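J.: Start counting the sequence shown at 36; every next residue gets the next number (my numbering).
No residue lacks a Cβ here, since even glycine has one placed at the ideal position from N, Cα and C.
No experiment lies behind these values; they were computed from the predicted model shown.
Please read through the structure below; I'll follow up with questions.
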Amino acid sequence: MTTFPIDEIRAQFPALARHEHGRPVAYFDGPAGSQVPQSVADAVSRYLLTTNSNRGGVFAVAKESDAIVDAAHQAAATFVGGNDPACTVFGANMTTLTLALSRALGRTWRAGDEVIVTRLDHDANVTPWVLAARDAGATVRHVDVHVEDGTLDVASFHAALSSKTKLVALGYASNVTGTINPLGPMIAAAKQMGALTFIDAVHYAPHGLIDVTALGCDFLACSAYKFFGPHVGLLYGRRELLESLTPYKLRVSSNDLPGKWMTGTQAHESLAGVAAAVSYLANLGRHCGSVTTERAAIESAFTAIHGYEQLLSAHMLAGLRTLSGYRVWGITDPARIAERVPTFSLTHARFTPRELAERLAAEGLYVWCGNHYGLPFTEAAGLEPHGTLRIGLLHYNTIEEVDRVLEALRHIDQ
Ligand SMILES: Cc1ncc(COP(=O)(O)O)c(C=O)c1O
């Protein structure tokens, strides 16, 4: 395997050069939003300065703008492993897209129908379905979690699934515990029951290859600002479903895909940035392997990212084991490292997550605290109202940064 080009990667992210009090800062806040490479910022700025226009104009700049938006749909389709650019929809963020989809799907539900959500999900993959079910008079079933290791209680999923189930909403990876859910068998079981599946891939997207075709899911949502792009969400849906469902939309807006699902004027500059974020990953993939297609380049990037992040995870878990006073909420067994992404939630016996985060921030270590909107888990684990301290690693983080945060945690406990 080629050595992971960490120095070349970091050089592309201007934010990583930030210093505070004479020391470099370390960004462990990726789960709340990743930093962006220069190429993404350039694409956004280039769009605004040279091709800024609304859709469908007859003049040159409008046509250039349309081409950029079309390319963004293609890039998003390639990123999620779908072949059809018309089946990737953009919107303000994952939450807004999911609320819109839940309203459209909810119109097809009746009293007696059931919807399954999980206690390991971000609230954006729970409340939209709960609200739509409420409006339709449908019933919501909640899949439990094993609080000890932050994993889904898959048996409780199978117990909830029945011929009444209309939709199963699952997370790809937890933004609190880092757990990667075993989606394959759950999607297959849902399909067998005739239920639709919606996957929240927001937290997984910067860490691993998404392949909607291999997953066999009906819908999948993620957010570009978590995978090195700008603040915009994207939703993949199977063509037949996107065509047959009726979203809330204006009379004047398109009845075709993808426009039917994209209400109002989009943030075109951000869409230019999405394509640039996907290109950034593809370029990394080309650097790490010999590939011919854009999709293969993305696959190669995630193979490299996955290998590197596993090293970071192993180092982090080994270090956390040497600390006293802290509890890690999630998988800690080094033999099970493949079941998690490098997102670590901690609590301390004496300090609240906010106090810990403030102490770390004072040293230029950027971490997050609270429930991270993963409220179902923090409630199930009895972690409200303080939640956890979350240290999120991405492929631009280093072993040295991990050592720094571990040392700072050790120091706080002394
Ligand atoms: C797992 C997960 N799902 C959904 C969301 C919501 O995404 P957005 O901010 O794009 O609405 C987040 C945001 O943090 C998340 O981490």
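With which residues is His-54 paired in a DSSP beta bridge?
T.: As a working note, residue 54 is residue 19 in the sequence shown. Bridge partners of His-54: Pro-59.
J.: Hey, would you say Ala-416 sits closer than 8 Å to Trp-364, going by beta carbons?
T.: Translated into the one-based positions of the sequence shown, residue 416 becomes position 381. Translated into the one-based positions of the sequence shown, residue 364 becomes position 329. Yes, the pair counts as a contact, with Cβ atoms nearer than the cut-off.
J.: Leaving out the 5 sequence neighbours to the left and right, which residues in its chain are closer than 8 Å to Arg-453 when beta-carbon positions are compared?
T.: This structure leaves residue 453 out entirely; the chain is present only between 36 and 449.
J.: If I follow the unbroken beta strand (DSSP E) through Trp-164, where does it start and stop?
T.: As a first step, residue 164 must be located in the sequence shown, where it is residue number 129. Where Trp-164 is concerned, there is no enclosing beta strand (DSSP E), although the alpha helix (DSSP H) it sits in stretches over 162-171.
J.: Return the chain-ordered list of same chain residues with a C-beta closer than 8 Å to the C-beta of Ile-450, the five sequence neighbours on each side being excluded.
T.: Given that the chain is displayed from residue 36 to residue 449, the structure contains no residue 450 and the question cannot be resolved.
J.: Give me every residue whose Cβ sits closer than 5 Å to any heavy atom of ligand 1, in chain order.
T.: Taking each Cβ in turn, the ones that pass are Asn-128, Met-129, Thr-130, His-157, Ala-159, Asn-210, Asp-235, Val-237, His-238, Ser-258, Gly-268.
J.: Please classify Ser-279 as buried or exposed, where buried requires at least 16 other C-beta atoms within 10 Å of its C-beta.
T.: As a first step, residue 279 is located in the sequence shown; it is residue number 244 there, counting from the start. Result: exposed.
J.: Using three-state DSSP, classify Ala-204 as helix, strand or coil.
T.: Counting from 1 along the sequence shown, the entry for residue 204 is found at position 169. Note: Ala-204 maps to strand in three-state DSSP.
J.: I think Phe-39 touches Ala-339, with their Cβ atoms under 8 Å apart; what is that distance to the nearest whole Å?
T.: As a first step, residue 39 must be located in the sequence shown, where it is residue number 4. As a first step, residue 339 must be located in the sequence shown, where it is residue number 304. Correct: roughly 6 Å between the Cβ atoms.
J.: Nearest-angstrom Cα distance between Ala-139 and Val-178?
T.: Taking the sequence shown and counting its residues from 1, one reaches residue 139 at position 104. Taking the sequence shown and counting its residues from 1, one reaches residue 178 at position 143. If I take the Cα positions, the gap works out to 23 Å.
J.: Considering only residues of the same chain and omitting the five flanking positions on each side of Thr-382, which have a CB-CB separation below 6 Å?
T.: Taking the first residue of the sequence shown as 1, we reach residue 382 at position 347. For Thr-382, where only same-chain residues beyond five positions count, the Cβ hits under 6 Å are Arg-362, Thr-423.
J.: What's the gap between the Cα of Glu-275 and the Cα of Val-93?
T.: By 1-based counting over the sequence shown, the position of residue 275 is 240. By 1-based counting over the sequence shown, the position of residue 93 is 58. Glu-275 and Val-93: Cα-Cα distance of roughly 31 Å.
J.: Count the other CB atoms, across all protein chains shown, that sit within 10 Å of the CB of Pro-420; report buried if there are 16 or more and exposed otherwise.
T.: Along the sequence shown, read from residue 1 onward, the residue named residue 420 stands at position 385. It is exposed - the Cβ of Pro-420 has fewer than 16 other Cβ atoms within 10 Å.
J.: Within a Cβ cutoff of 6 Å, which residues of the same chain sit near Trp-164, ignoring the five residues on either side of it in sequence?
T.: In the sequence shown, residue 164 corresponds to position 129, counting from 1. Ser-137, Val-150, Val-152, Ala-204, listed in sequence order.
J.: Would you kindly report the start and end of the unbroken alpha helix (DSSP H) that includes Cys-323?
T.: Taking the first residue of the sequence shown as 1, we reach residue 323 at position 288. Residues 303-323.
J.: Just tell me which of Ile-333, Thr-298, Phe-262 has its CA closest to the CA of Gly-483.
T.: Since the first and last residues shown for the chain are 36 and 449, residue 483 lies out of range.
J.: Do you know whose CA, among Ala-111, His-157, Ala-146, Asn-118, lies nearest Thr-133's CA?
T.: Reading the sequence shown from its first residue, position 98 is the one you call residue 133. Checking every option, the nearest Cα to that of Thr-133 belongs to His-157.
J.: For a minimum of 3 consecutive residues, which ranges assigned as the beta strand (DSSP E) are wholly contained in the segment 59-143?
T.: Runs found: 123-126.
J.: With three or more beta-carbon pairs closer than 8 Å as the criterion, would you say the segment 402-410 touches the segment 58-67?
T.: With a cut-off of 8 Å, the segment 58-67 and the segment 402-410 count as touching, because enough Cβ pairs lie within range.
J.: Would you mind sorting Arg-53 into buried or exposed? The rule is 16 or more other CB atoms within 10 Å of its CB.
T.: Here residue 53 is taken as the residue at index 18 of the sequence shown, counted from 1. Arg-53 comes out exposed.
J.: For Gly-219, does the count of other Cβ atoms within 10 angstroms reach 16, so buried, or fall short, so exposed?
T.: As a first step, residue 219 must be located in the sequence shown, where it is residue number 184. Exposed, since its Cβ has fewer than 16 Cβ neighbours within 10 Å.
J.: Tell me the rounded alpha-carbon separation between Tyr-82 and Val-247.
T.: Position 47 of the sequence shown, counting from 1, holds the residue named residue 82. Position 212 of the sequence shown, counting from 1, holds the residue named residue 247. Taking the straight line joining both Cα atoms gives about 29 Å.
J.: Identify every run of the beta strand (DSSP E) within the segment 240-298, keeping only runs that are complete inside it and at least 3 residues long; order them along the chain.
T.: Listed in chain order, the complete beta strand (DSSP E) runs (minimum 3 residues) inside the segment 240-298 are 254-258, 268-272.
J.: Whole angstroms are fine: how far does the CA of Lys-284 sit from the CA of Arg-154?
T.: Here the question's residue 154 lines up with position 119 in the sequence shown. Here the question's residue 284 lines up with position 249 in the sequence shown. For Arg-154 and Lys-284, the distance between alpha carbons rounds to 31 Å.
J.: Excluding sequence positions up to five away, which residues of its chain have a Cβ less than 8 Å from the Cβ of Ala-135?
T.: Residue 135 sits at position 100 when you count from the first residue of the sequence shown. Excluding residues within five positions, the ones whose Cβ falls inside 8 Å are Gly-126, Pro-282, Tyr-283, Trp-296, Thr-298.
J.: By a C-beta neighbour count over all protein chains shown, 10 Å radius and 16 as the cutoff for buried, is Ser-209 buried or exposed?
T.: Within the sequence shown, residue 209 is the residue found at index 174, counting from 1. Label assigned to Ser-209: buried.
J.: Which residue wins for smallest C-alpha separation from Ile-222, given the options Gly-360, Lys-199, Phe-192?
T.: Within the sequence shown, residue 222 is the residue found at index 187, counting from 1. For Ile-222, the nearest C-alpha among the options comes from Phe-192.
J.: What's the C-alpha gap between Leu-51 and Leu-347?
T.: Numbered from 1 along the sequence shown, position 16 holds the residue referred to as residue 51. Numbered from 1 along the sequence shown, position 312 holds the residue referred to as residue 347. Straight-line Cα distance between these residues: approximately 17 Å.
J.: Give the secondary structure of Leu-343 by DSSP, where H, G and I count as helix, E and B as strand, and everything else as coil.
T.: Translated into positions along the sequence shown, residue 343 becomes position 308. It is worth fixing the name first, because residue 343 is Tyr in this sequence and not Leu. It is helical.
J.: Could you say which of Leu-244, Leu-352, Lys-226, Asn-216 lies nearest to His-341 if we only look at CA atoms?
T.: Locating residue 341 in the sequence shown gives position 306, where the first residue counts as 1. Cα-wise, what sits closest to His-341 is Leu-244.
J.: Find the nearest neighbour of Ile-44 within the set Thr-433, His-56, Gly-268, Met-351, judged by alpha-carbon distance.
T.: Locating residue 44 in the sequence shown gives position 9, counting from the first residue. Cα-wise, what sits closest to Ile-44 is Thr-433.
J.: Just curious, the alpha helix (DSSP H) that Asp-235 is in, first and last residue?
T.: Numbered from 1 along the sequence shown, position 200 holds the residue referred to as residue 235. Per DSSP, Asp-235 belongs to no alpha helix (DSSP H); it is in the beta strand (DSSP E), 231-235.
J.: Just to confirm, are Pro-293 and Thr-162 a CB contact at a threshold of 8 Å?
T.: Along the sequence shown, read from residue 1 onward, the residue named residue 293 stands at position 258. Along the sequence shown, read from residue 1 onward, the residue named residue 162 stands at position 127. Against a cut-off of 8 Å, the Cβ pair of Thr-162 and Pro-293 comes out as no contact.
J.: What separation, rounded to the nearest whole angstrom, lies between the Cα atoms of Cys-252 and Phe-233?
T.: As a working mapping, residue 252 is identified with position 217 in the sequence shown. As a working mapping, residue 233 is identified with position 198 in the sequence shown. Answer to the nearest angstrom: the Cα atoms are 7 Å apart.
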